[in-house]
Amino acid sequence: MDILNKKEFSLPFFGRDLKFIVSHLAGQANAAVIGQYGETAVLVTVVMGKEDKVIDYFPLTVDYEERFYAAGKVLGSRFLRREGRPSDFAVLSGRLIDRTIRPLFDQGLRREVQVVVTILSYDEENDPDFIALNSASLALAISNIPWKGPVAGLRVLKSREGLIFNPLNSQKNGALKEEGGFEAFFSGTKEKINMIELEGNEAKESEVAEAFLKSFEEIKKLIAFQEKIVEEIGQEKEKVLLFEPNPQLVEAVREFASSKLEQALYSSSKAERNLGMAQIKEDLIKYLTEDLKSDSLEGLENVWEDLINEIVHRNILALEKRPDGRKLNEIRPLEAYVGLFKRLHGSALFIRGETQSLAVTTLAAPGFEQLIETMELSAKRRFIFHYNFPPYSTGEVGRLGMPGRREIGHGALAEKALKNVIPPSDSFPYTIRVVSEILSSNGSSSMASVCAGSLSLMDAGVPIRKAVAGIAMGLITNQGQFQNLPAYKILTDIQGPEDHYGDMDLKVAGTKDGITAIQMDVKVEGIDVEIFSQALAQAKEARLQILEVMNKTLASPRPQLSPYAPVILSVEVKPYQIGSIIGPGGKIINKIIEDFGLESIDIDESGKVYVSADSLEKAQKAVDFIKSLTHEFFVGEIVEGEVVKILDFGAIVDLGGGKDGLIHISELKNGFVQKVSDVVKVGDKVRVKVIKIDENGRISLSLKALAD
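Residue numbering for the sequence shown follows the numbering used here, beginning at 2 and increasing consecutively.
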């Protein structure tokens, strides 16, 4: 790439060069980097606002912009050939970057920071997420924006060949179909791992931990490469005023609320806890404004949150005291129910403490697969998992509408957890959609969705290989603020306060034999392999307990589908026969659907024909007709049919599927036949032999050949 004033940096990395280009392009941003790996290239810009916002949080946004031109595609709707709202895949990629870089910002920063990733070129082999994350890290690191990076990340594939780092897309095919295989993305600093995404086919905990450790070694190499670039071209970090609350406000809040919060926080009921804390906050504001005559309450929310955070950390580290009184490895009470509504194809309700997921499975014909068209792929999605999080689930009033990033992320995680136990389309040719409705939420609703979704699939009669359960693990660390207390404690089944104030959210889903999905976020710098291995072992113990409860409710998929689910039968034809089923302008296929009362007929280009109907009888009749329509006769074959017409020189026999044959008068019987009607009549069912098929496909039949 020939650009004026450019500086190019290159690092050989697993068979390809990782390149970063910094130039005057996008020069009005705080920093801009073009990253390239193979022929995949991205532009990452980072910009910080000029003024502090009057808010109580750090305003970071990460936008991941797919461009169809990057893959040489013209997509979009028929009337609007441009990119619309981000695809789910773009949202997930943006979240991956956000979750990696966010913990390294000082949360007292009140200026807006925006990271924009624009995919410029995609070679269909090299993962854009890898180069996007590392380019975003370098852009932040060389900019004047205050940030404690760099970070790095990479993808790793576990197959029968072992661990493959940054695999090409062509190397991934079939790896997740292998038992024990997995694909993961690890990222972090040179000290710790702080973000994980993993999809597996019953992966072993020990092998995932090994991938964690080996990926960390490669991450350190990538960070060392970035650090050399920063030394050469990095800008001095801007001195930005970080929010710090008034010390007098901090002292007053601690004095008034500490003991009261100690009592209110530790309640088994979320509603009781929230009510008690709301009352304390109301009394606190009254105390500050009326008794102390405080001029400003700016920062009160941050002081309040910091105090609760300190109480939760101290009590767990010192006393192993959790807000609801459970032991560190104790799961909340579990309930599971299936078959809740008669007309649904499959349904289940899973309850863990105050978290409730209602999952519903719907089965449809293959033609209802979701068509996916993104920059990276054009494909069909047969198994779909959607997650809904209405405001009433947290006792709030809110807007209902399009799913947000959280809903998309949680749905994708649950889909990842279940997709590798779904039967192949060859044996179960249905499109499968599972929807999780969160009725009540107090932590780990995505993992409750996995449990409910698994039960719902089995209730629908989907022959999944094994049941899947999920659990959310937490972490409380001692960041040096508590002397003579342990360095950390791992929590099983985190709920609201432990999720909000804890230092890690590690979601692990799987069967009794292995892991199917992992997602990890942290609020601290990250974790090491020791903490990760302990958390996985504790998660497995919890997963097996949950599966035991689920199995008591429904131990295996129901042997029969719901009577309200469509019946799907399949028949295979030769690819060149597809046209004879469809007919000119779809005339024949539409007539078959109408005549037999079908829901649909779906035809795969390989010649697989799927017939969907509301009853087995209708579907079978249609299949029989299609078989007759595509049947290829051969000389010597014995066939049956009905005489439909008498001619002077023979009889026409209907052979089914719109085909007929002629029994010449000489082939009716041995000896002289004066009139055809002396031997056969219209309506007679006859069994005949094919004796000739001419070049035009006309079939000659013989009745006397069978008599002989």
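Built from N, CA and C at the ideal position, the CB exists for glycine as well.
Query raised in the report: Comparing the CB of serine 295 with every heavy atom of the ligand GTP, is any distance shorter than 7 angstroms?
Result: As presented, the structure is devoid of all ligands, the ligand GTP included, so that no description of it is given.
Query raised in the report: If you scan the stretch 161-219 from start to end, which runs of the alpha helix (DSSP H) of 4 or more residues do you find wholly inside it?
Result: Assignment of alpha helix (DSSP H) within the stretch 161-219, counting only whole runs of 4 or more residues, yields 170-173 in chain order.
Requested in this report: Let me know the secondary structure DSSP gives glycine 587 once reduced to three states.
Outcome: Reduced to three states, the DSSP call for glycine 587 is helix.
Query raised in the report: Mind checking whether phenylalanine 390 and arginine 407 have CB atoms under 8 angstroms apart?
Result: Taking C-beta atoms as the reference points, phenylalanine 390 and arginine 407 count as a pair closer than 8 angstroms.
Report task. Per DSSP, which residues does phenylalanine 226 bridge with? Please list them. Result -> None; phenylalanine 226 has no bridge partner.
Requested in this report: Given a cut-off of 8 angstroms, decide if histidine 314 and alanine 461 are closer than it, judged by their beta-carbon atoms.
Outcome: Contact: no.
Query raised in the report: So which of Ile132, Glu245, Ala620, Glu239 has the shortest CA-CA distance to isoleucine 220?
Result: Cα-wise, what sits closest to isoleucine 220 is Ile132.
Query raised in the report: DSSP beta-bridge partners for methionine 474?
Result: Answer is Thr493, Leu507, bridged to methionine 474.
Report task. Consult DSSP for serine 616 and reduce its assignment to one of helix, strand or coil. Result -> The answer is coil: DSSP assigns serine 616 none of H, G, I, E or B.
Query - Cα-Cα separation, glutamine 227 to leucine 276 - result: One C-alpha to the other measures close to 49 angstroms.
Requested in this report: Note down, one range per segment and in chain order, each alpha helix (DSSP H) of at least 4 residues found wholly within the stretch 601-676.
Outcome: Listed in chain order, the complete alpha helix (DSSP H) runs (minimum 4 residues) inside the stretch 601-676 are 617-631.
Requested in this report: Please list, in chain order, all residues of the same chain as methionine 278 whose beta carbon is under 6 angstroms from its beta carbon, the five residues on each side excluded.
Outcome: The residues are Ala265.
Query - Cα-Cα separation, leucine 301 to leucine 250 - result: Going by the C-alpha atoms only, they are around 7 angstroms apart.
Query raised in the report: Can you tell which of Ile22, Arg86, Asn127, Ser447 has its C-alpha closest to the C-alpha of methionine 403?
Result: Closest option to methionine 403, Cα to Cα, is Arg86.
Requested in this report: Note the first and the last residue of the continuous beta strand (DSSP E) segment covering threonine 290.
Outcome: It is not in any beta strand (DSSP E) - threonine 290 carries neither H nor E in the DSSP assignment.
**Report entry** Boundaries (first-last residue) of the alpha helix (DSSP H) holding methionine 1
**Finding:** The requested residue 1 does not occur in the structure, where the chain is confined to residues 2 to 709.
Report task. In the DSSP assignment, find the alpha helix (DSSP H) that holds aspartate 679 and state where it starts and stops. Result -> Run containing aspartate 679: none; DSSP gives neither H nor E here.
**Report entry** Residue environment, glutamine 520, which counts as buried when at least 16 other CB atoms sit within 10 Å
**Finding:** Counting of Cβ neighbours within 10 angstroms places glutamine 520 among the buried residues, the total reaching 16 or more.
Query raised in the report: So what does arginine 544 bridge to, in DSSP terms?
Result: According to DSSP, arginine 544 bridges with nothing at all.
Query - Alpha carbon of leucine 669 to alpha carbon of asparagine 697, nearest angstrom - result: Roughly 23 angstroms between the two C-alpha positions.
Query raised in the report: When you compare each of Glu233, Ala142, Ala543, Asp325 to lysine 271 by their alpha carbons, which one comes out closest?
Result: Residue Asp325 is the option with its Cα nearest to lysine 271.
Query - Euclidean distance between Cα positions of aspartate 514 and glycine 182 - result: Computed Cα separation, rounded: 13 angstroms.
Report task. Using a threshold of 8 angstroms, state whether the C-beta atoms of glycine 39 and aspartate 124 are closer than that. Result -> Yes, Cβ-Cβ distance for glycine 39 and aspartate 124 is below 8 angstroms.
Query raised in the report: Around the Cβ of alanine 468, are there at least 16 other Cβ atoms within 10 angstroms (buried) or fewer (exposed)?
Result: Result: buried.
Query raised in the report: For arginine 323, is the classification buried or exposed, using 16 other Cβ atoms within 10 angstroms of its Cβ as the cut-off for buried?
Result: Around the CB of arginine 323, 16 or more other CB atoms lie within 10 Å, so the residue is classed as buried.
Report task. List the residues that DSSP assigns as beta-bridge partners of proline 13. Result -> For proline 13, which the question treats as bridged, DSSP gives the partners Asp18.
Requested in this report: Tell me, to the nearest whole angstrom, how far the beta carbon of leucine 335 is from that of arginine 353; I am working on the premise that it is less than 8 angstroms.
Outcome: That pair is a contact at about 6 angstroms.
**Report entry** Pick from Glu374, Pro430, Met448 that is closest to alanine 365, judged by C-alpha positions
**Finding:** Looking at the Cα atoms, Pro430 is the closest of the given residues.
Query raised in the report: Where glutamate 331 and aspartate 494 are concerned, what is the direct C-alpha to C-alpha distance, given to the nearest angstrom?
Result: Rounded to whole angstroms, glutamate 331 to aspartate 494 spans 7 angstroms at the Cα level.
Requested in this report: On the DSSP bridge assignment, give the partners of serine 571 in chain order.
Outcome: In the DSSP output, where bridge partners are listed per residue, serine 571 has Tyr611.
Requested in this report: May I ask you to list the residues that DSSP assigns as paired with methionine 551?
Outcome: None; methionine 551 has no bridge partner.
Query raised in the report: In its own chain, which residues sit with a C-beta less than 6 angstroms from the C-beta of glutamate 618, not counting the 5 before and 5 after it?
Result: In its chain, beyond the 5 residues on either side, no residue has a beta carbon closer than 6 angstroms to the beta carbon of glutamate 618.
Requested in this report: Give the single residue among Arg688, Leu663, Thr41, Ser428 whose Cα lies nearest to the Cα of aspartate 695.
Outcome: Measuring from the Cα of aspartate 695, the nearest candidate turns out to be Leu663.
Query raised in the report: Where does glycine 150 land, buried or exposed, given buried means 16+ other C-beta within 10 angstroms?
Result: With 16 or more other Cβ atoms within 10 Å, it is buried.
Query raised in the report: Can you list, in chain order, the residues of its chain whose CB lies under 7 angstroms from that of aspartate 89, leaving out five sequence neighbours each side?
Result: Cβ within range, chain order: Ile409, Ala413.
Query raised in the report: Which residues in the same chain as lysine 693 place their Cβ atom closer than 8 angstroms to its Cβ, once the five residues preceding and following it in sequence are excluded?
Result: The answer, listed in chain order, is Val636, Ile700, Ser701.
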